[in-house]
Amino acid sequence: MTTSTSSTSHHLSPAFPGRAPWGTASKLRAWQQGAMDAYLEQQPRDFLAVATPGAGKTTFALTLASWLLHHHVVQQVTVVAPTEHLKKQWAEAAARIGIKLDPDYSAGPLSKEYHGVAVTYAGVGVRPMLHRNRVEQRKTLVILDEIHHAGDSRSWGEACQEAFEPAARRLALTGTPFRSDTNPIPFVDYAEDAHGVRRSVADYTYGYGNALGDGVVRPVIFLSYSGNMRWRTKAGDEIAARLGEPMTKDAVSQAWRTALDPHGEWMPAVLGAADRRLTEVRKSIPDAGGLVIASDQDSARAYAKLLREITGVSASLVLSDDGGASQRIDDFRASQDRWMVAVRMVSEGVDVPRLAVGVYATTISTPLFFAQAVGRFVRSRRRGETASVFLPTIPMLMSFANEMEVERDHVLDKPKKDNEDPYAEEADLLAEAEREQDEDTGEGDELPFEALESDAVFDRVMYDGAEFGMQAHPGSEEEQDYLGIPGLLEPEQVQTLLQKRQARQISHSKKRPDADADLLELPADRRPVVTHKELLELRKQLNNLVGAYVHQSGKPHGVIHNELRRVCGGPPSAEATAGQLEQRIAKVREWATRMR
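Quick note: the sequence shown uses the working numbering, first residue 78, plus one each step.
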């Protein structure tokens, strides 16, 4: 049987930079060698490897497949991928190291020239018995790429269980925080934590923080943009809000969608800023490319039109997961074109290492999708490269950006009663008073609205868990200070440069006359973005303190709340900002102390 040992590293695809198949293990990255060692020591039937996007999961998996084939532990390989494009990408990568996988297999005997097949989860879901018969006939290694997709629907999970239960070996891979639902993922082990909640257990984990320290992935600079939004609800009410200010989930959703409206001013301003950033990056990385991740096809077309107006050249448009779309991604990968606009499909697994600048122009707000989206920009090719991702000042996204290094396991059980979400009770109490729908801010949110107008304001830079910058107008020297950061820098140099940029911006603002200060002139670290849950916690804290003060003073709740409003100012608690709530908390504590 032909194995990968006959290949040489210069034949490897872009998915294998600087690496080689089994037999030249010195070319493996340290984590890949560590994962190989862990596997070979245990020789398990099931193995779950969690590695950050861009770290090289494909290399590890195919290296292991080559070893198992060469040592006759298995006789064939089946790769299960999330999409048609990734299925073909796996087959191409495997072929370059001597493992031949048929990406077009549908039924019947497999040609003897192949070592196995590459299929999709959807394909397995349609014909699980076809694949079960194959793995029963010959000892098979099944590689389950991005295995969380096996939990996308119960039918997919059940089909994978049925099809691959007889497999000799199963290798599960994922590069993201696991799903937030409680559908069990096949072939993943779970263990109870201290609270009796079952969580997934990985056999080998290589997180973003480790990969960043090893120089395996690029550091990410997040540039967030705020601005004023105005929209009309289906009831005919016109609402205005500013991105980043505390508001209900519905208001966040509508303000977010207003910002992404291609007919407003926010998207053109942010795309223009992203293109200026790309120009700066291309000074040191000439083939650097940019990617706009859109919510839907209409928006993607509109963004591509805006980019043509901004740059004078057409952007590559990827609208669906078909053969033509795959070819357009391949063409973009091999070119030096500036921009690609896509709907979702390039958010996971698609290997375009030259992507260095991204615009997160979608309302999908799960940590899994965000991590996969950012993963498109972190694939390091040489030391010193940085990635830049532009996003709206949405509390949830800001939280994800600041927690890039956090590891997450799949939680199989809902928390028990005494460990439930501490905000849930308060949310229920406030729901009727606030008349708000507690909808998820994601693609399922179908609240009708009409975007009326929007503008953009540079808000802050997030890097390595810290925040820098003060608000600035698009096109201003202050904004350009951050857009003009060189594209090749060591991580510590990025930190130093951002600190210097902010210090210079603060110095300039102090010299500006008060009459000219039309933006919030505070450093980013003094302008925390408050999440909806944090607001609920502040309201709950205030209500608890008022309740305690009721017993001390003998006054009714309503009287105390009205007195707090009179003294501190501001609207009712359900509409108050975080700062106003904190003022009231301090004031009621002061009153309680005086009465003791």
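Glycine is no exception: its CB is placed at the ideal position from the N, C-alpha and C atoms.
Open item on the list: Using 8 angstroms as the threshold, is the C-beta distance between residue 348 and residue 336 below it?
Closed with: no
Open item on the list: One question on the structure: do residue 433 and residue 387 come within less than 8 angstroms of each other, judged by their Cβ atoms?
Closed with: no
- [ ] Work out the CA separation of residue 557 and residue 197 for me, nearest whole Å.
- [x] Each residue's CA atom was taken as its position, placing residue 197 and residue 557 some 44 angstroms apart.
Open item on the list: Does the structure place the stretch 173 to 187 close enough to the stretch 231 to 240 that three or more beta carbon pairs sit under 8 angstroms?
Closed with: These segments do not touch.
Task: With 16 other Cβ atoms within 10 Å as the buried cut-off, status of residue 103 - done: Note on residue 103: pLDDT 45, under 50, position unreliable in the model; the coordinate value appears next. When all chains shown are included, residue 103 counts as exposed.
- [ ] Label residue 462 either buried or exposed according to how many other C-beta atoms from any shown protein chain fall within 10 Å of its C-beta, with 16 as the threshold for buried.
- [x] buried
- [ ] Could you say which of 219, 227 and 342 lies nearest to residue 532 if we only look at CA atoms?
- [x] 342
Task: Segment limits, alpha helix (DSSP H) that includes residue 387 - done: Run containing residue 387: 374 to 388, per the alpha helix (DSSP H) assignment.
- [ ] Between the Cα of residue 375 and those of 403, 350 and 340, spot the shortest distance and give me the residue it belongs to.
- [x] 340
Task: Collapsed DSSP secondary structure at residue 366 in the structure displayed - done: In the structure shown, residue 366 sits in a strand (DSSP, three-state: E or B).
Task: DSSP three-state assignment for residue 446, whether helix, strand or coil - done: helix
Open item on the list: Please return the same chain residues whose Cβ sits closer than 6 angstroms to the Cβ of residue 661, not counting the five positions on each side in sequence.
Closed with: 619, 641 and 645
Open item on the list: With the cut-off set at 8 angstroms, would you say residue 444 and residue 383 are in Cβ contact?
Closed with: no
- [ ] Given a cut-off of 8 angstroms, decide if residue 571 and residue 622 are closer than it, judged by their beta-carbon atoms.
- [x] no
Open item on the list: Using DSSP's beta-bridge definition, name the partner residues of residue 283.
Closed with: 128
- [ ] Determine the contact status of residue 456 and residue 430, defining contact as a CB-CB distance below 8 angstroms.
- [x] Closer than 8 angstroms, so yes.
Task: Pair within 8 angstroms by beta-carbon distance, residue 252 and residue 452 - done: yes
Task: Spatial neighbours of residue 294 in its chain, beta-carbon cut-off 6 angstroms, leaving aside the 5 residues before and after - done: 131, 288, 455 and 457
Task: Start-end ranges of the beta strand (DSSP E) lying completely within the stretch 133 to 167, minimum 3 residues - done: 153 to 158
Open item on the list: For a quick check, are the C-beta atoms of residue 465 and residue 354 less than 8 angstroms apart?
Closed with: yes
Task: Where residue 301 sits in the DSSP three-state scheme - done: strand
Task: residue 266 to residue 225 span [Cα, whole Å] - done: 13 angstroms
Task: Within the stretch 191 to 221, ranges of the alpha helix (DSSP H) (whole runs, at least 4 residues) - done: The stretch 191 to 221 contains these whole alpha helix (DSSP H) runs: 198 to 203 and 205 to 214.
Open item on the list: Here's the rule I'm using: 16 or more other beta-carbon atoms within 10 Å means buried, otherwise exposed. How should residue 352 be labelled?
Closed with: buried
TODO: Please report the residue range of the alpha helix (DSSP H) in which residue 532 lies.
DONE: Unbroken run through residue 532: none, as it is neither H nor E.
TODO: Classify residue 439 as helix, strand or coil using the three-state DSSP reduction.
DONE: coil
Open item on the list: Quick check: residue 284 and residue 129, are their CB atoms within less than 8 angstroms of each other?
Closed with: yes
Open item on the list: Please list the terminal residues of the continuous beta strand (DSSP E) segment that includes residue 67.
Closed with: The structure shown does not extend to residue 67, since the chain is modelled only from 78 to 673, so the question has no answer here.
Open item on the list: Is it the case that the stretch 148 to 156 contacts the stretch 211 to 218, given that we only count it when at least three CB pairs across the two stretches are under 8 angstroms?
Closed with: Yes: at least three Cβ pairs fall under 8 angstroms.
TODO: Find the nearest neighbour of residue 246 within the set 545, 269, 268 and 117, judged by alpha-carbon distance.
DONE: For residue 246, the nearest C-alpha among the options comes from 117.
Task: residue 500 to residue 106 span [Cα, whole Å] - done: With a pLDDT of 35 at residue 500, under the threshold of 50, the modelled position of this residue cannot be trusted; read the value that follows with caution. Rounded to the nearest angstrom, the two C-alpha atoms are 43 angstroms apart.
Open item on the list: I'd like to check one pair, residue 566 with residue 52: are the Cβ atoms closer than 8 angstroms?
Closed with: Residue numbering for the chain in the displayed model covers 78 to 673; residue 52 lies beyond these limits and cannot be assessed.
TODO: Using a threshold of 8 angstroms, state whether the C-beta atoms of residue 261 and residue 292 are closer than that.
DONE: no
Task: Inter-residue Cα distance where the pair is residue 606 and residue 201 - done: 43 angstroms
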